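Data first, discussion second: the structure below is written as structure tokens.
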Amino acid sequence: MTCDVLIIGGGVGGLACAMTLASAHAKPWFKDRRILIIDDGMSDLGKARLCNAPGVPIGALGSDILAGMRAQALQYGVASLESDRVTTVSRSDERWTVTAASGRAWTAATLVLATGFKRWEIEGLACTPSPHPRGGKPDRIMLEHDGVYCVSEELRVAGLLGGGSSQFAIAAGAGAQTAVEILCVWAGKRTHIHDVPEPPEC
Ligand SMILES: Cc1cc2nc3c(=O)[nH]c(=O)nc-3n(C[C@H](O)[C@H](O)[C@H](O)COP(=O)(O)OP(=O)(O)OC[C@H]3O[C@@H](n4cnc5c(N)ncnc54)[C@H](O)[C@@H]3O)c2cc1C
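The C-terminal position of the sequence shown is numbered 208 in our numbering, with every residue numbered one higher than the one before it.
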């Protein structure tokens, strides 16, 4: 299968990136683009109960929030999610080929790494992680980027792998910013995606 953006990691950062990208589906410049998330189900959020995440009901279970975020990302019909563990990435002819433990493979124009700040298991990428200065533990990792999560135009970072501290809002924000930067490339200008309420019926 081929897609336009392939997001490795469907935790907070990856899903925030996917839902922001997909929310632009009605823009003329979005065209018929497709987004694919590949995730192996080990988000840190699954262990959490949140009382300090903006907009999230007090005491909400992370597992419930993840389920809701998946639904948000998939609601527009332009994003899909596969359960698998990515093992290898390669690049040729200006496309990424992403291979998973199951043996399945996908190609994509743009790759977003949203694998969290604890694991680095994907072979074939030229970039390597560095120690995470805000990770709180010595084994936490991040990828260097340009300040808005761009390693190169075709390779982006989302979530805590971008170097932010371990808070839901920071991981989600990094995913949303990554998505907006990709949307700006597609739109050919600065953009963002806002919804407004329906006007009241007279
Ligand atoms: C116990 C606990 C409690 C917490 N409580 C709070 C709290 O109260 N308030 C708060 O704001 N924050 C809290 N957090 C922090 C919050 O959960 C994280 O900030 C957030 O989950 C980080 O998002 P992320 O996308 O960077 O990583 P994650 O959400 O961990 O997502 C990374 C995803 O990548 C996937 N992945 C990794 N490698 C691969 C691969 N090779 N192939 C496929 N998939 C892969 C993983 O399965 C995972 O789903 C808590 C965290 C923990 C652990």
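Glycine included, C-beta positions come from ideal geometry on N, C-alpha and C. Since this is a predicted model, take the numbers as computed values, not measurements.
Apart from the five residues just before and just after residue i, which ones in its own chain have a Cβ nearer than 6 Å to its Cβ?
i           : result
residue 178 : 18, 22
residue 86  : 42
Which same chain residues, not among the five before or five after residue i, have their C-beta less than 7 Å away from its C-beta?
i           : result
residue 96  : 103, 130
residue 171 : 140
residue 157 : 133, 149, 151, 163
residue 198 : 186
Is residue j closer than 9 Å to residue i when the C-beta atoms are compared?
i           : j           : result
residue 77  : residue 174 : no
residue 181 : residue 169 : no
residue 69  : residue 51  : yes
residue 80  : residue 14  : no
residue 138 : residue 128 : no
residue 72  : residue 44  : no
residue 91  : residue 107 : yes
DSSP beta-bridge partners for residue i?
i           : result
residue 35  : BP columns for residue 35 are empty, so no partner.
residue 92  : 106
residue 112 : 104
residue 9   : 114
residue 163 : 119
residue 85  : 41
Could you work out which residue in the options is closest to residue i when comparing CA atoms only?
i           : options      : result
residue 162 : 79, 143, 191 : 191
residue 7   : 194, 40, 16  : 40
Which of helix, strand or coil does DSSP assign to residue i?
i           : result
residue 42  : strand
residue 126 : coil
residue 55  : strand
residue 66  : strand
residue 50  : helix
residue 97  : strand
Identify, in the order they occur along the chain, each residue of the same chain with its Cβ nearer than 8 Å to the Cβ of residue i, setting aside the five sequence neighbours on each side.
i           : result
residue 155 : 162, 163, 164, 168, 180, 183, 184, 187
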